[in-house]
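Chemist: Numbering (our numbering), first residue to last: 9 to 255. One structure, as structure tokens, below. Some questions next.
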Ligand SMILES: [Zn+2]
């Protein structure tokens, strides 16, 4: 199906049925929640458009007014729907020791911050592979990359994780010198700073990496991360949208 529309779709849009069908079908194909392949416009489809816009705009707040809920004929949103590297909404990879990372959140069935963008999924996988090659290869007893919360299955507001709305951020548990993770803060003796440094370097080597939050003064002084309240016991890895590639 050609992803083009004759008039605007979404909030305050013209919403011609054939155009609505094109947009909804494409969002469904990309894995976005709330949509079915029909020509009916309503609040749930607008929610899906706004989540897609938050992703492509690199905004961690879906309710940001820049995510205006409307797809214009030659606007940025339709171009991202057409893009070769359009974001998909998906469950994050589970990982394995062979891949250098483990997604603790997928394993924890009591918490469902398991979803995010394909951009984040690819970045986490590549970070694990890089960390394995550049650090675990010579430090075989060090902790793996342990991923915790990304976003909820349908994105959007999440009470416990500010800034985790659009599948562009994941939390990382602190590596310990005993090869385990978590249950510590950065000032504890058990904190494996060398492993954390390598984890951040592996993440920052990825093309869409943007910000790392971690309140470790040594690594801040090295220019690897920044201090943000609440980040003494975990790191926060955040990505930005890639450059759009058109077909
Ligand atoms: Zn976070």
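A virtual CB, placed ideally from N, CA and C, is assigned to each residue, including glycine. Owing to the predicted nature of the structure, the values given are computational and were not obtained by experimental measurement.
Buried or exposed: where does residue 64 fall if 16 or more other Cβ atoms within 10 Å of its Cβ makes it buried?
Modeler: To locate residue 64, count along the chain shown from 1; it is residue 56. Answer is buried; the Cβ neighbour count reaches 16.
Chemist: Tell me whether the stretch 154-167 and the stretch 117-127 touch, counting them as touching only if at least three CB pairs, one residue from each stretch, are closer than 8 Å.
Modeler: With the cut-off at 8 Å, the stretch 154-167 and the stretch 117-127 touch.
Chemist: What first and last residue would you give for the beta strand (DSSP E) that runs through residue 143?
Modeler: Here residue 143 refers to the residue found at position 135 of the chain shown. It is not in any beta strand (DSSP E) - residue 143 carries neither H nor E in the DSSP assignment.
Chemist: Closest to residue 139 by C-alpha separation, out of 103, 210, 77 and 118, would be which residue?
Modeler: Along the chain shown, read from residue 1 onward, the residue named residue 139 stands at position 131. Ranking the options by Cα distance to residue 139, first place goes to 210.
Chemist: Are there 16 or more other CB atoms within 10 angstroms of the CB of residue 13, so buried, or fewer, so exposed?
Modeler: Locating residue 13 in the chain shown gives position 5, where the first residue counts as 1. The residue is buried, with at least 16 neighbouring Cβ atoms inside 10 Å.
Chemist: Please look up how many angstroms separate the CB atoms of residue 243 and residue 142, rounded, as I've assumed it's under 8 Å.
Modeler: Translated into the one-based positions of the chain shown, residue 243 becomes position 235. Translated into the one-based positions of the chain shown, residue 142 becomes position 134. With 8 Å as the limit, residue 243 and residue 142 do not qualify as a contact, their Cβ atoms being about 17 Å apart.
Chemist: Would you give the residue range spanned by the beta strand (DSSP E) that residue 111 belongs to?
Modeler: In the chain shown, the residue the question calls residue 111 occupies position 103. Counting along the chain, the beta strand (DSSP E) containing residue 111 begins and ends at 109-111.
Chemist: Quick one, which of 223, 174 and 31 has its alpha-carbon nearest residue 266's?
Modeler: Nothing about residue 266 can be read from this structure; the chain reaches only from 9 to 255.
Chemist: For residue 16, does the count of other Cβ atoms within 10 angstroms reach 16, so buried, or fall short, so exposed?
Modeler: Reading the chain shown from its first residue, position 8 is the one you call residue 16. It is buried - the Cβ of residue 16 has at least 16 other Cβ atoms within 10 Å.
Chemist: Suppose the cutoff is 6 Å on Cβ atoms and the five residues either side in sequence are ignored; what does the same chain contact list for residue 90 look like?
Modeler: On the chain shown, position 82 is the one that residue 90 refers to. Contacts found: 11.
Chemist: Within the structure, which residues are defined as neighbours of ligand 1 by a Cβ-heavy atom distance below 5 Å, reported in chain order?
Modeler: Checking every Cβ against the heavy atoms of ligand 1 under 5 Å gives 179 and 244.
Chemist: Could you tell me whether the stretch 50-68 touches the stretch 168-177, where touching means 3 or more Cβ pairs closer than 8 Å?
Modeler: Result yes; three or more Cβ-Cβ pairs closer than 8 Å.
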